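If you want it as structure tokens, here you go:
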């Protein structure tokens, strides 16, 4: 290549072999996140129990949010939990909740994944991660229902106590057990 050749790199740019590699996400990670997102949406859709006063609903998609976070980390928990749950909201006709769900479930999965990695992912740190992630989720839903969706404190509190907290408890337990057995039986590449 010559200096005037339009295909040669500029003089101040290093040759391609010396350029730092971009930090791309591996195809395996994209595939895993896609499957987890779809599973989160599917489990959510298939287990809907409506709560008419707020137009919200109970579901077991929570288990997949926690499973994603505990097994694959905070990014998977945030992305798969948030996006999968928001997609479910849109598909089953709860589109008004989708942005709040994206935030609530995304934060829940992120927090659960981050905390669960303390002390090498011991059982107590996973339980603490589920608890803290669940507190974040129910808090975000409560605040959004009271201040953004103008549902009212009484109805929002009723949903928090009768729908959201049991959903975290049941989904957290299922996610914890599923994650425990999957981590035990699968060898993950380093």
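Residue numbers (this note's numbering): 6 to 195. Note that CB positions come from ideal geometry on N, CA and C, so glycine has one too. Remember, predicted model here, so these are calculated numbers, not experimental data.
Sheet register partners of residue i (DSSP bridge)
i          : result
residue 55 : 62
Residue i versus residue j: straight-line alpha-carbon distance, rounded
i           : j           : result
residue 185 : residue 162 : 32 angstroms
residue 41  : residue 115 : 14 angstroms
residue 89  : residue 46  : 5 angstroms
residue 54  : residue 29  : 40 angstroms
residue 189 : residue 51  : 27 angstroms
residue 4   : residue 39  : In this structure the chain extends from 6 to 195, so residue 4 is not present and cannot be described.
residue 176 : residue 69  : 8 angstroms
residue 44  : residue 108 : 18 angstroms
residue 56  : residue 37  : 32 angstroms
residue 74  : residue 146 : 20 angstroms
residue 152 : residue 158 : 9 angstroms
Proximity below 9 angstroms, CB of residue i to CB of residue j
i           : j           : result
residue 110 : residue 86  : yes
residue 148 : residue 67  : no
residue 71  : residue 120 : no
residue 48  : residue 64  : yes
residue 83  : residue 106 : no
residue 181 : residue 130 : no
Other residues of its chain near residue i: CB distance less than 6 angstroms, five sequence neighbours each side excluded
i           : result
residue 138 : 113, 116, 117
residue 221 : Here the chain comprises residues numbered 6 to 195, so residue 221 is not present and cannot be evaluated.
residue 78  : 118
Beta-carbon contacts of residue i that lie in its chain and below 7 angstroms, excluding the five residues immediately before and after
i           : result
residue 143 : 165, 169, 170, 173
residue 103 : 91, 94, 95
residue 97  : 50, 53
Contacting residues, own chain, Cβ-Cβ under 8 angstroms from residue i (five flanking each side not counted)
i           : result
residue 60  : 99, 101, 102
residue 133 : 120, 121, 123
residue 81  : 37, 38, 41, 73, 74, 114, 118
Which runs of the alpha helix (DSSP H) spanning at least 4 residues fall entirely within the region 91-136, listed in chain order? Restricting attention to alpha helix (DSSP H) runs no shorter than 4 residues, the region 91-136 encloses them at 103-121, ordered along the chain.
Report the residue ranges of all alpha helix (DSSP H) runs contained in full by the region 159-194; include only those spanning at least 4 residues, in chain order. Restricted to the region 159-194, the alpha helix (DSSP H) segments that are unbroken, complete and at least 4 residues in length are 170-190, listed in chain order.
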